[in-house]
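Asks: Next up is a structure, given as structure tokens.
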């Protein structure tokens, strides 16, 4: 009977051509009613233990090895009132894409929410410097060169003063901006949902140059910010390609495929690159959806190493280890010296993990139940855990001695140990 069951399972699986999936990780592309057999079947392990592959993995009990401390939390108001402070604020639609990241200048942290509140706070104490309200926003926030940049929900690009939040200029880009901008001394660079990389004058918002990528028929709802390094802007696109551009002119210096389409359907051929590239040791690391984790050599202008992967996030590099967070919320890692596989962590399977960052030698990541997990970089074991919020964790950035965490309701937390 057991062998007959296995035979029937194989028949059902072979008939399935695609699975439901999530971007960042909320974005369903396949209709819900077309769930494949693997989403509903229950597998038997060793004939006794039932393992439901459609359910998030239950967390195992651990004893914290670090004393985790919540330093402060901030919730921006939904309507502008200088003295209003609304706990548990929920912006319109929520921060489902994780498009709202804190930005830092000196001892100041800046944050925005979907309702259009933009705030400046002290990093150490969380005390308010100022809060302004602009208009409903799609993404933010970027800081540098005395300004802040956020994107409006109707395709506006808005530049504000770091001193008081006053608007310096605002323009209509004509398309959604779902990722923070990259700032140069002269230019503001943004990627749009229509596949464009645009550069705008940092002083007045006039467009200086534009590059349009070839947009696939079907894409994930999400985007990745460009990265500027030594006069070159690196940007990844929904067609699975990475481009290097001269910042001043927009000239395409080189581009290359992160991976190639190999499927037989539009769903199978989605290879969006929704994470920023990471520069480390003279190489450029980047991953894409249903594709690869790849290392480009900018000097040779080509891929020098690649491994099959599917990810919405930038790889994490620390202590000679490169960690890739897959779309099913499992980690796999490689040596940065030899590129040989290291450890694999499946403890968070389908727990809709946020992006990860490194903090004091640990990998830090959040999940859909509001937990923050600390993982040993060298062996992949979980060392500590903290229940922070009832909302899904969407973004994590480690800076100096603190970790800054944003949840789906746009609440900002500072944690340390």
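Residue numbers (mature numbering (1 follows the signal peptide of the UniProt record, and there is no 0)): -20 to -1, 1 to 397. All residues carry an ideal CB built from backbone N, CA and C; glycine is no exception. Predicted model only: the values in this text are computed from it and were never measured.
Hey, out of 125, 127, 131, whose CA is closest to residue 118's CA?
Replies: The shortest Cα separation from residue 118 among 125, 127, 131 belongs to 131.
Asks: Short check: CB of residue 304 to CB of residue 289, under 9 angstroms?
Replies: Yes, the pair counts as a contact, with Cβ atoms nearer than the cut-off.
Asks: Quick check on residue 363: does DSSP put it in helix, strand or coil?
Replies: Of the three classes helix, strand and coil, the one that applies to residue 363 here is strand, per DSSP.
Asks: From which residue to which residue does the beta strand (DSSP E) around residue 171 run?
Replies: From DSSP, the beta strand (DSSP E) with residue 171 extends over 167 to 171.
Asks: Determine, using beta-carbon pairs with one atom in the region 226 to 239 and one in the region 259 to 275, whether at least three such pairs fall under 8 angstroms.
Replies: Touching, per the Cβ criterion.
Asks: Could you tell me if residue 382 is buried or exposed, where buried requires 16 or more neighbouring beta carbons within 10 angstroms of its beta carbon?
Replies: Per the 10 Å Cβ criterion, buried.
Asks: Buried or exposed for residue 313, going by 16 or more other Cβ atoms inside 10 Å?
Replies: Buried, since its Cβ has 16 or more Cβ neighbours within 10 Å.
Asks: The beta strand (DSSP E) spanning residue 141 covers which residue range?
Replies: Run containing residue 141: 136 to 141, per the beta strand (DSSP E) assignment.
Asks: Work out the CA separation of residue 367 and residue 45 for me, nearest whole Å.
Replies: Using only the alpha carbons, I get a separation of about 15 angstroms.
Asks: Unbroken beta strand (DSSP E) runs of length 3 or more, entirely within the region 322 to 389: which are they?
Replies: For the region 322 to 389, whole beta strand (DSSP E) runs of length 3 or above, ordered along the chain, are 336 to 339, 342 to 346, 351 to 356, 362 to 367, 373 to 379, 382 to 387.
Asks: Note down the Cα distance separating residue 341 from residue 359, rounded to an integer number of angstroms.
Replies: Cα-Cα distance, rounded: 12 angstroms.
Asks: Starting from residue 399, trace the beta strand (DSSP E) both ways and give me its first and last residue.
Replies: Residue numbering for the chain in the displayed model covers -20 to 397; residue 399 lies beyond these limits and cannot be assessed.
Asks: How big is the Cα-Cα spacing for residue 122 and residue 161?
Replies: Between residue 122 and residue 161, the C-alpha separation is close to 6 angstroms.
Asks: Could you spell out the range, first to last residue, of the beta strand (DSSP E) harbouring residue 109?
Replies: Run containing residue 109: 108 to 113, per the beta strand (DSSP E) assignment.
Asks: Go ahead and pull the three-state DSSP assignment for residue 49.
Replies: Looking at residue 49 - three-state DSSP - the assignment turns out to be strand.
Asks: What span of residues does the beta strand (DSSP E) with residue 276 cover, start to end?
Replies: Taken as a continuous stretch (DSSP letters only), the beta strand (DSSP E) holding residue 276 covers 271 to 277.
Asks: For residue 397 versus residue 364, is the C-beta distance shorter than 9 angstroms?
Replies: Result yes, Cβ atoms of residue 397 and residue 364 sit closer than 9 angstroms.
Asks: How many whole angstroms separate the CB atoms of residue 377 and residue 384, which I take to be in contact at a CB cut-off of 8 angstroms?
Replies: Contact holds; Cβ gap of about 5 angstroms.
Asks: Mapping the DSSP letters down to three states, classify residue 22 as helix, strand or coil.
Replies: Its pLDDT being 36, under 50, residue 22 is placed unreliably in this model, and the value from its coordinates should be taken loosely. In the structure shown, residue 22 sits in a strand (DSSP, three-state: E or B).
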